[in-house]
Amino acid sequence: MTARIFKPAKNAMQSGVAKTREWQLDYEPEQPRAIEPLMGWTSSGDMKQQLTLRFDTKEDAVAYCEREGIPYQVLEPKAPARRQAAYADNFAFRRGEPWTH
Numbered sequence: 026m027t028a029r030i031f032k033p034a035k036n037a038m039q040s041g042v043a044k045t046r047e048w049q050l051d052y053e054p055e056q057p058r059a060i061e062p063l064m065g066w067t068s069s070g071d072m073k074q075q076l077t078l079r080f081d082t083k084e085d086a087v088a089y090c091e092r093e094g095i096p097y098q099v100l101e102p103k104a105p106a107r108r109q110a111a112y113a114d115n116f117a118f119r120r121g122e123p124w125t126h
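Numbering (the working numbering), first residue to last: 26 to 126.
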């Protein structure tokens, strides 16, 4: 069973960056999910799939995996692409169509 250590992505529905500063440890699924024939729900017998651990630093998460003998892989976060936008760009002459409400 392999563990993934990563920083979770920012929630697309919010502008804030809450819960993205900590490192998260998730386990890779050991067995695929199956659809129950009676109710049609998706289920799994893998209990480690429900486990999520959070750490303040990447080093803490790596130390935990090494102490417990868990194989792991670290996924480094990508820096978000920041686009500079000025309010004056709304009224620029190079704008393709006029700005209106």
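Ideal Cβ positions, reconstructed from N, Cα and C, are used throughout, including at glycine. All values derive from a computational prediction rather than experimental measurement.
Neighbour-count burial assignment, residue i, 16 or more Cβ in a 10 Å radius
i             : result
alanine 86    : buried
alanine 28    : buried
tryptophan 48 : buried
Residue from the options with nearest C-alpha to residue i
i             : options                          : result
isoleucine 30 : Ala117, Arg120, Phe118 and Glu91 : Glu91
tyrosine 52   : Ala106, Tyr89 and Gln74          : Gln74
glycine 70    : Leu63, Thr77, Ala59 and Leu78    : Ala59
leucine 50    : Trp66, Asn36, Lys83 and Met72    : Lys83
proline 54    : Lys35, Ser68, Met64 and Pro62    : Ser68
Item checked: Length at least 4, wholly inside the segment 29 to 93: the alpha helix (DSSP H) runs in chain order -> 83 to 93
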